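A.B. asks:
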Amino acid sequence: LLEQLLALLPADARLRLDANGGWDRATAGAWADRLRAEPRLAWLEQPLPPSDWAGLEALAARVPVALDESLRHSPPPPLQRWGGWQVRRPLLEGDPRPLLAALATGTPRLMLSTAFETGIGRRLVEHLAALQAAGPTPTAPGLAPGWRPPGPLFALDPWRVWGAAA
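What follows is the structure, given as structure tokens:
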């Protein structure tokens, strides 16, 4: 299946593969071996369980790796040592000010993604994604364009959202 996808993928496309922490080291290593020379690989997203910090670091020395579920793992990972991408989901982080400050100061390799926000949260995520796009490492956000649950809390019109939230 990967070979078919790569055959169809345009030369200027970027490939992100998300294992949601479901691979073991042997599986992740096999994917890294296959994709190491693939110029369209953006990253392997959370290839190993969040608890396998040593495995994630070793894999990141071979191919680009993005942390996702690891960012919400307890204990938190030592991000000061992490040079790879981070998939940030503002809804799951709580206070948006630290992320806003990181984007404002040009922290590289932060990718914004959705977590099924209401229309209010969606506006924040889109604002942060615009800041990220203007930063040192712009990348497409994971916003699930065109998809949202039905109902006024998820409307694009902010007045409908605020009215429904009242």
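Under the working numbering, the first residue of the sequence shown is numbered 2, with each subsequent residue one higher. A virtual CB, placed ideally from N, CA and C, is assigned to each residue, including glycine. Computed from a prediction, not measured in an experiment: that's the story for all the values here.
1. Among Ala67, Thr108, Arg98 and Leu80, which residue has its Cα nearest to the Cα of Ala20?
2. Who does Asp19 pair with in a DSSP beta bridge?
3. Does the segment 126-135 come close enough to the segment 152-167 that 3 or more CB-CB pairs lie under 8 angstroms?
4. Compare the beta carbon distance of Gly88 and Glu46 with 8 angstroms and say whether it is the shorter of the two.
5. In terms of residue numbering, what span does the alpha helix (DSSP H) encompassing Val126 cover?
6. Taking the CB atoms as reference points, tell me whether Ala1 and Leu113 lie closer together than 8 angstroms.
7. Take the Cβ of Glu39 as the centre, count every other Cβ of all protein chains shown within 10 Å, and call the residue buried at 16 or more, exposed below.
8. Taking the CB atoms as reference points, tell me whether Arg15 and Arg37 lie closer together than 8 angstroms.
9. DSSP three-state call for Val88: helix, strand or coil?
10. Leu60 and Pro48: beta carbons closer than 8 angstroms?
11. Reducing DSSP to helix, strand and coil, say where Ala67 ends up.
12. Could you give the residue range of the alpha helix (DSSP H) that holds Leu101?
13. For Gly107, collect the residues of the same chain with a Cβ closer than 8 angstroms to its Cβ; drop the 5 residues on either side in sequence, then sort them by chain order.
14. Can you round the beta-carbon distance between Pro97 and Pro91 to whole angstroms, since I take them to be within the 8 angstroms contact cut?
C.D. replies: With the given structure in hand:
1. Nearest option by C-alpha distance: Ala67.
2. Answer is Glu46, bridged to Asp19.
3. no
4. Here the sequence assigns Val to residue 88, which means Gly is not the residue at that position. Closer than 8 angstroms, so yes.
5. Gly120 to Ala134
6. What the structure shows of the chain is the stretch from 2 to 167, and residue 1 is not part of that stretch, so it cannot be assessed.
7. exposed
8. no
9. Three-state DSSP puts Val88 in a strand.
10. yes
11. strand
12. Arg98 to Ala105
13. Gly136 and Pro137
14. 5 angstroms
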